[in-house]
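Encoded as C-alpha cells, the structure appears first; notes follow it.
Residue numbers (the numbering used here): 69 to 295.
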C-alpha cells in the first residue's frame, strides 16, 4: 500500500466523509481535524474511527450501492492504520472486517452495523491520549452499540442493557473532568434513561435517551480536559 502523510490521510478521511454527508444528510460528521492530536498514529486511529461511526448509522437506511462505497472507503482507511495497532487488535480488526464482508454478502444490515461499531471501539480504544478523553469516545461507542441493537430486528434488548452499563462505566471515569454541573446531570440522566428503557423494553424512551447520549457526547468533547 502506498504510504501517505498523517495530514494527507486526515484530509482524505474528511473528504470521504464529506461525500457521504452530501448523499445522506442525516449522517453524523467526523470531529474537525483541529480536534485530532498531532501524533501520526493518534490522528490516524481517531480519524479512521469516523467512517465506521458513520457506517454503523448508515447500515440500516442507505441503499446498498451507496453502502458499498462507504464500506470500501472505510476498509481502505482501516487497512492504512492497521500497522499502528498491536497484534491482538490487528487480529480483531480482521475478524470484524471479515464480518462486515460476510454481512454485506448476506445483505445483513444489522451485521454491518454491529461490526462497524466494534471497529469504532477498537480504534478509539487504541488511540494514544488526545485532547478529547478516550472515555468520551467510549461513551459514544456505547450509544452507537445501543442504537444498532435498537434498530435490529428483533431488537436485542439484552445487549442494550450491557451497552447502557458500558456507557455508565465510561461516564463514571470521566465525569469528574466536567466542570459544568448541569451538563453532568444531563449526561447521567440520559444514561439512566437508556438503562431503564432497555430493562423495560420501552422503544420510545430508548430512542429518546440514545439520541440525547449521542448529542451530549459531542458536547462533552469541548467540556472535558485530559488528565
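Beta carbons: idealized from backbone N, C-alpha and C, even for Gly.
Could you say which of the options lies nearest to residue i if we only look at CA atoms?
i, options, result
"residue 241", "227, 256, 228 and 230", "256"
"residue 147", "171, 116 and 254", "116"
"residue 166", "153, 143, 290 and 231", "143"
"residue 120", "163, 189, 162 and 263", "189"
"residue 238", "193, 168, 186 and 135", "193"
"residue 246", "213, 290 and 269", "290"
Count the other CB atoms within 10 Å of the CB of residue i; is the residue buried (16 or more) or exposed (fewer)?
i, result
"residue 208", "buried"
"residue 179", "buried"
"residue 211", "buried"
"residue 90", "Note that residue 90 scores 34 on pLDDT, short of 50, meaning its location in the model is unreliable; the coordinates nonetheless yield the value given after this. It counts as exposed."
"residue 125", "buried"
"residue 271", "exposed"
"residue 170", "exposed"
"residue 235", "buried"
"residue 215", "buried"
"residue 278", "buried"
"residue 263", "buried"
"residue 186", "buried"
Please confirm whether residue i has its beta-carbon closer than 8 angstroms to some beta-carbon of chain B.
i, result
"residue 244", "The displayed structure is made up of one protein chain only, and chain B is not part of it."
So, using beta-carbon positions, are residue i and residue j closer together than 8 angstroms?
i, j, result
"residue 149", "residue 174", "no"
"residue 288", "residue 204", "yes"
"residue 195", "residue 114", "yes"
"residue 132", "residue 219", "no"
"residue 266", "residue 232", "yes"
"residue 157", "residue 168", "no"
"residue 274", "residue 228", "yes"
At least three beta-carbon pairs within less than 8 angstroms, the segment 222-230 to the segment 245-259: no
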